[in-house]
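There are 2 protein chains.
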Amino acid sequence: MAWHAPLDEMDFVLHRVLKVQDSDIPGYAELDPGFTAAILGEAGKLAEEVLAPLNAVGDRQGCRLENGQVRVPEGFHAAFDALRDGGWTAIDCDPADGGQGLPYVMHTAVNEPFVSANMALNMYMGLTHGAYSALRLHGSPELKAAYLPKLASCEWTGTMNLTEPQCGTDLGLIRTKAEPAPDESWKVTGTKIFISAGDHDLAENIIHLVLARAPGGGEGTKGLSLFLVPKVIDGARNAVSPGKVEAKMGIHGNATCVMNYDGATGWLVGDLHKGMRAMFTMMNEARLGVAMQGFAVAEAAHQAAVAYAKERLQGHGTRSDGLEPLIVHPDIRRILMDHKAFLQGARALTYWGATLIDRAHRMGDKGADGVVSLLIPVLKGFLTDKGFEVAVSAQQVWGGHGYIEDNGMSQHVRDARIAMIYEGANGVQALDLVGRKLGAEGGKPVMAFFEMVKAEVHAHDDRPEMAEFTAPLKAASKQMQAAAMIFVERGLKDPDDALAGSTDFLHLVGHVCLGLMWVRMARAALEMGGDFGAAKLVIARHYMTRVLPACGLHLARIEAGGRTVMGLKAEAF
Amino acid sequence: MAWHAPLDEMDFVLHRVLKVQDSDIPGYAELDPGFTAAILGEAGKLAEEVLAPLNAVGDRQGCRLENGQVRVPEGFHAAFDALRDGGWTAIDCDPADGGQGLPYVMHTAVNEPFVSANMALNMYMGLTHGAYSALRLHGSPELKAAYLPKLASCEWTGTMNLTEPQCGTDLGLIRTKAEPAPDESWKVTGTKIFISAGDHDLAENIIHLVLARAPGGGEGTKGLSLFLVPKVIDGARNAVSPGKVEAKMGIHGNATCVMNYDGATGWLVGDLHKGMRAMFTMMNEARLGVAMQGFAVAEAAHQAAVAYAKERLQGHGTRSDGLEPLIVHPDIRRILMDHKAFLQGARALTYWGATLIDRAHRMGDKGADGVVSLLIPVLKGFLTDKGFEVAVSAQQVWGGHGYIEDNGMSQHVRDARIAMIYEGANGVQALDLVGRKLGAEGGKPVMAFFEMVKAEVHAHDDRPEMAEFTAPLKAASKQMQAAAMIFVERGLKDPDDALAGSTDFLHLVGHVCLGLMWVRMARAALEMGGDFGAAKLVIARHYMTRVLPACGLHLARIEAGGRTVMGLKAEAF
Chain A
0 MAWHAPLDEM DFVLHRVLKV QDSDIPGYAE LDPGFTAAIL GEAGKLAEEV
50 LAPLNAVGDR QGCRLENGQV RVPEGFHAAF DALRDGGWTA IDCDPADGGQ
100 GLPYVMHTAV NEPFVSANMA LNMYMGLTHG AYSALRLHGS PELKAAYLPK
150 LASCEWTGTM NLTEPQCGTD LGLIRTKAEP APDESWKVTG TKIFISAGDH
200 DLAENIIHLV LARAPGGGEG TKGLSLFLVP KVIDGARNAV SPGKVEAKMG
250 IHGNATCVMN YDGATGWLVG DLHKGMRAMF TMMNEARLGV AMQGFAVAEA
300 AHQAAVAYAK ERLQGHGTRS DGLEPLIVHP DIRRILMDHK AFLQGARALT
350 YWGATLIDRA HRMGDKGADG VVSLLIPVLK GFLTDKGFEV AVSAQQVWGG
400 HGYIEDNGMS QHVRDARIAM IYEGANGVQA LDLVGRKLGA EGGKPVMAFF
450 EMVKAEVHAH DDRPEMAEFT APLKAASKQM QAAAMIFVER GLKDPDDALA
500 GSTDFLHLVG HVCLGLMWVR MARAALEMGG DFGAAKLVIA RHYMTRVLPA
550 CGLHLARIEA GGRTVMGLKA EAF
Chain B
0 MAWHAPLDEM DFVLHRVLKV QDSDIPGYAE LDPGFTAAIL GEAGKLAEEV
50 LAPLNAVGDR QGCRLENGQV RVPEGFHAAF DALRDGGWTA IDCDPADGGQ
100 GLPYVMHTAV NEPFVSANMA LNMYMGLTHG AYSALRLHGS PELKAAYLPK
150 LASCEWTGTM NLTEPQCGTD LGLIRTKAEP APDESWKVTG TKIFISAGDH
200 DLAENIIHLV LARAPGGGEG TKGLSLFLVP KVIDGARNAV SPGKVEAKMG
250 IHGNATCVMN YDGATGWLVG DLHKGMRAMF TMMNEARLGV AMQGFAVAEA
300 AHQAAVAYAK ERLQGHGTRS DGLEPLIVHP DIRRILMDHK AFLQGARALT
350 YWGATLIDRA HRMGDKGADG VVSLLIPVLK GFLTDKGFEV AVSAQQVWGG
400 HGYIEDNGMS QHVRDARIAM IYEGANGVQA LDLVGRKLGA EGGKPVMAFF
450 EMVKAEVHAH DDRPEMAEFT APLKAASKQM QAAAMIFVER GLKDPDDALA
500 GSTDFLHLVG HVCLGLMWVR MARAALEMGG DFGAAKLVIA RHYMTRVLPA
550 CGLHLARIEA GGRTVMGLKA EAF
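Heads up: the sequence lines are chains A and B, in that order.
In terms of numbering that gives the first Met the number 0, the first sequence has 441 at position 442, counting the first letter as 1, and numbering is strictly consecutive.
In terms of numbering that gives the first Met the number 0, the second sequence has 231 at position 232, counting the first letter as 1, and numbering is strictly consecutive.
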């Protein structure tokens with residue numbers, strides 16, 4: 000695998016684009032370039048040397064269920080130990096729990112190379128981090144004391160149990176039950192499916208967070224409560240077990256399990272019948288993590304495509320042997336430039352999103368919280384849709400060799416595919432954006448976003464060299480505003496007419512977000528100069544002239560509305 | 000698998016849109032609706048009952064090499080016998096060879112359900128058909144007599160041997176050698192890779208057509224000759240053997256082999272050093288076959304998505320149980336309508352292409368030959384790119400269940416992927432379109448195509464109800480003309496600048512082609528009326544308002560040219 004952690008790019012985003020070192024967010028002052036370079040350099044090294052070589056191994060071997068215990072692929076144990084030993088599991092965890100207390104943006108940056116190198120392995124850590132966050136926000140002091148340090152260090156790992164055979168998106172149909180026991184514990188009974196890292200032999204204990212129905216909560220999602228159910232209690236197995244390891248298209252190295260709860264002992268997390276709230280307070284972080292998977296796996300695929308395009312020789316060339324590498328061809332260049340325009344924009348957007356989360360959490364900034372909540376479905380949906388496209392076109396560069404499993408390109412495509420589906424399928428993200436986020440707080444967050452774009456456009460009014468970047472962003476932003484008006488106007492009259500354009504709107508906003516990032520990157524590149532800066536300007540120009548014009552097409556589709564989309568009876572399908 | 004052969008749709012295209020029964024092409028007169036319905040009904044039945052149930056089996060089991068012999072999945076033998084026994088292998092073969100002598104359009108229509116049901120199995124037959132066509136056009140009378148009947152019946156199967164480890168697209172790098180033997184046979188030595196159906200146990204003999212380098216031919220593609228190399232000669236194994244069965248992303252049921260030729264006995268097909276010509280005369284048919292794979296696999300995926308969208312229930316509904324199927328959601332409808340707009344247009348375009356091939360072959364119509372040669376890279380590239388997108392979005396409808404291998408959606412995606420790669424990767428199709436076909440015969444074919452579009456637009460001038468379909472086609476056609484002018488003008492000055500837009504041009508032309516088909520289908524739907532006709536008009540409207548506007552985006556990208564695409568040095572990637 001030719002992949003290397005793109006440390007220069009990560010540094011550029013952190014220190015030239017976002018200028019984290021100059022931020023007023025508490026904890027950011029220490030993020031000087033030397034400090035972050037040291038951390039990210041070590042993370043990149045670990046990813047390259049330890050995690051990446053296991054990526055294909057994990058894909059080939061997958062996980063297997065043996066006598067009620069799931070076994071992970073060879074080598075995963077040592078690699079997971081390396082993640083624990085280096086403190087990589089607890090970058091942003093509370094020092095009281097053994098964490099390093101760094102900002103969330105550093106957790107995000109550190110995890111990018113880990114995901115690029117081995118998404119399936121990284122998930123064991125990522126889900127544990129999610130469980131840690133939920134428990135930290137909603138757990139009782141006793142639960143927190145007992146579990147947070149173990150989760151922060153990944154000595155024990157965590158899971159999220161939402162989906163059941165009869166319900167995915169619609170959690171109101173959950174049937175898993177919880178009955179109170181005399182000692183303030185609960186007995187949890189039911190079947191959960193698609194549980195990532197549901198069982199494995201990487202840790203002595205696994206802490207399951209389970210949405211279930213306790214008595215008296217009524218129907219639908221309002222009746223749900225969240226329970227903490229350990230695999231092992233005081234050295235004895237709890238009544239929870241993996242029923243099956245699913246055979247999936249990709250991420251074979253992560254054990255996706257059917258989990259059976261047979262009166263398993265658990266404890267309530269947060270308030271009774273308020274399980275949805277407890278589960279969803281950490282949703283922004285979880286979805287930002289999936290957004291990163293979208294581009295991080297694509298980054299690995301892109302680098303492999305570049306390597307192949309440089310190495311693979313064919314005829315008609317001007318070299319002395321008459322050969323030339325694939326990369327001389329304009330159509331190959333087009334693919335690789337489209338990749339760079341997306342990947343670098345996606346990195347900036349994701350890291351920026353992480354700084355907004357830091358601003359919201361560390362400063363209580365409600366404006367930042369509103370904007371990040373608005374944009375999270377866009378990050379999740381747009382970056383995973385486009386990341387998958389990058390993986391597919393990177394595979395295409397390899398020609399027939401890309402279709403052969405041994406060469407690794409197929410795995411990138413198969414792994415990238417899941418990010419469009421889990422943590423809320425992308426169609427649900429579009430619905431969330433249009434149906435909930437767009438109108439939230441009377442439209443305050445979306446207005447704030449438009450103001451941000453406007454401010455960025457006008458910040459460079461005195462620099463004519465920025466006009467080629469700001470003008471297209473301004474035009475795209477106007478198209479987004481026109482689309483937003485359509486949703487406001489039609490949404491009231493005929494929701495289906497508006498919702499027919501929800502995915503197009505998600506993509507339109509995604510393009511505007513990347514356009515905003517590319518203006519910021521162009522500004523930073525001009526300041527920076529040199530070969531690096533000059534290359535950035537070419538890629539910025541590529542985004543503005545060849546990618547951002549997609550906004551017009553998305554607007555046209557939104558304008559077309561639901562007339563044809565809803566024009567057939569269900570029986571006519 | 001919920002798939003059914005879409006006989007109504009196939010009949011609509013053949014008899015309402017293309018009106019094959021009224022055509023002046025020799026052999027078409029007998030294609031009355033009753034006759035074609037009888038044939039296609041039987042083909043559909045065989046596909047549904049025999050081929051489709053083996054699709055998942057083939058994917059799971061794959062092919063394996065045992066003691067120098069490749070074994071295909073269980074059940075493939077009986078299914079292949081059923082294809083032979085029904086005469087399905089020789090629909091359009093010469094009656095002198097035991098074929099039925101029907102037009103190529105019937106071969107095409109018959110194969111659509113076979114491909115939808117089981118692409119991997121169908122390939123054994125499809126490659127044999129290719130070998131039959133090459134041999135029929137270029138073989139000596141002796142070779143033809145010895146092999147054509149066996150290939151027509153698929154008693155023996157065929158292969159195409161082009162690719163080698165060091166060369167895919169660039170066949171000029173082929174190293175496989177042929178040395179003359181005293182008895183007019185040749186000794187072929189070399190290694191070929193990615194040979195579909197290279198070895199298997201479905202037939203007693205396999206007839207390999209091999210591009211190799213005979214003495215005196217010089218370097219590059221001009222030195223290549225085509226040889227027929229049987230697996231078995233007079234009951235004895237020839238010196239050709241499978242070295243490996245590749246582990247691929249998909250089409251596991253078809254044995255993709257490394258083939259080793261160790262002085263294998265073969266015979267020259269066609270003229271010495273004219274192997275490329277012999278191989279490429281049948282390229283239009285081969286690429287049209289892959290174009291069909293693009294939409295036929297997508298059709299199966301779409302039908303599975305429709306079935307799931309109708310069956311899968313969730314909450315918030317108005318039914319008595321409070322549930323409702325997924326298909327009520329506008330974003331699900333959007334996906335399914337996009338599918339229909341593509342699939343039905345693709346079917347019409349492919350069948351129309353087949354009639355153009357019939358017109359060229361059966362009437363010696365050079366105009367038809369020019370147009371089909373122009374459009375073949377578009378059919379191959381556009382229909383396989385879009386077909387893959389359909390398979391991916393069909394998988395998306397299934398949510399998490401689409402990612403589980405048991406449910407079949409992953410296989411559709413993995414199978415569909417190869418059609419973008421083999422038989423000339425889609426980037427090579429775009430290069431063929433822009434670099435060769437666009438300027439062929441001084442632009443005569445492309446002018447003829449524009450005339451066809453213009454004629455279709457104006458044929459309905461007196462029917463105001465057609466204006467909503469003809470106006471967008473006219474606009475898109477103008478965009479295509481503008482793009483074509485850019486290639487003509489810039490191509491001379493700076494080829495790379497033009498070629499940066501080649502794939503966008505391929506897609507632009509693809510959309511214009513489907514727009515043309517949708518105008519023809521709208522006309523037929525108006526004539527037909529009823530529920531079927533009414534539904535068609537909705538889908539036609541969907542295409543015109545929500546899909547065809549993509550032409551503007553492709554034109555914008557073409558106009559942007561190669562400035563950014565070629566703007567970085569190779570070292571900067």
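Ideal Cβ positions, reconstructed from N, Cα and C, are used throughout, including at glycine.
Tell me which residues share the same chain as residue i and place their Cβ nearer than 8 Å to its Cβ, disregarding the 5 neighbours each side in the sequence.
i, result
"residue 69(A)", "62, 63, 197, 198, 199, 200, 241, 244, 254, 256"
Helix or strand or just coil, what does DSSP make of residue i?
i, result
"residue 72(A)", "coil"
"residue 54(B)", "helix"
"residue 186(A)", "strand"
"residue 240(B)", "strand"
"residue 368(A)", "helix"
"residue 226(B)", "strand"
"residue 313(A)", "strand"
Which residue from the options puts its Cα closest to that of residue i?
i, options, result
"residue 237(A)", "131(A), 5(A), 210(A), 265(A)", "265(A)"
"residue 335(A)", "542(A), 285(A), 79(A)", "542(A)"
"residue 18(A)", "4(A), 527(A), 365(A)", "527(A)"
"residue 163(B)", "155(B), 173(B), 157(B)", "173(B)"
"residue 43(B)", "10(B), 21(B), 65(B), 15(B)", "10(B)"
"residue 580(A)", "486(A), 129(A), 523(A), 357(A)", "Residue 580(A) lies beyond the range of chain A shown here (0 to 572); nothing can be said about it."
"residue 438(A)", "370(A), 364(A), 234(A)", "370(A)"
"residue 501(A)", "453(A), 427(A), 440(A)", "427(A)"
"residue 213(A)", "420(A), 275(A), 166(A), 462(A)", "275(A)"
"residue 258(B)", "289(B), 420(B), 187(B)", "187(B)"
Within 7 Å (strictly less), CB to CB, does residue i reach chain B?
i, result
"residue 25(A)", "no"
"residue 385(A)", "no"
"residue 548(A)", "yes"
"residue 502(A)", "yes"
"residue 498(A)", "yes"
"residue 398(A)", "yes"
"residue 335(A)", "yes"
"residue 544(A)", "yes"
Whose Cβ in chain B lies nearer than 9 Å to the Cβ of residue i?
i, result
"residue 198(A)", "Within 9 Å Cβ-Cβ: nothing; residue 198(A) doesn't reach chain B, min ~17 Å."
"residue 194(A)", "Near residue 194(A) there are no residues of chain B at all, since even the closest Cβ is about 11 Å away, more than 9 Å."
I want to see whether chain A comes within less than 7 Å of residue i, judged by CB atoms only; does it?
i, result
"residue 314(B)", "yes"
"residue 159(B)", "no"
"residue 605(B)", "The requested residue 605(B) does not occur in the structure, where chain B is confined to residues 0 to 572."
Which same chain residues end up closer than 7 Å to residue i when comparing Cβ atoms and leaving out the 5 residues on each side of it in sequence?
i, result
"residue 56(A)", "72, 73, 74"
"residue 131(B)", "92, 147, 150, 151, 157"
Counting only Cβ pairs nearer than 8 Å, list the residues of chain A close to residue i.
i, result
"residue 309(B)", "569, 572"
Using a Cβ cut-off of 9 Å, pull out every chain A residue sitting near residue i, in sequence order please.
i, result
"residue 331(B)", "426"
Excluding five sequence neighbours on each side, which residues of the same chain lie with their C-beta closer than 6 Å to the C-beta of residue i?
i, result
"residue 412(B)", "390, 391, 394"
Can you pull the chain A residues whose beta carbon is under 7 Å from the beta carbon of residue i, in chain order?
i, result
"residue 409(B)", "248"
"residue 169(B)", "313, 314"
"residue 555(B)", "548"
"residue 405(B)", "246"
"residue 495(B)", "329"
Would you say residue i touches the ligand ADP, meaning its beta carbon is less than 6 Å from a heavy atom?
i, result
"residue 329(A)", "The model on display carries no ligand, and the ligand ADP is accordingly not part of it."
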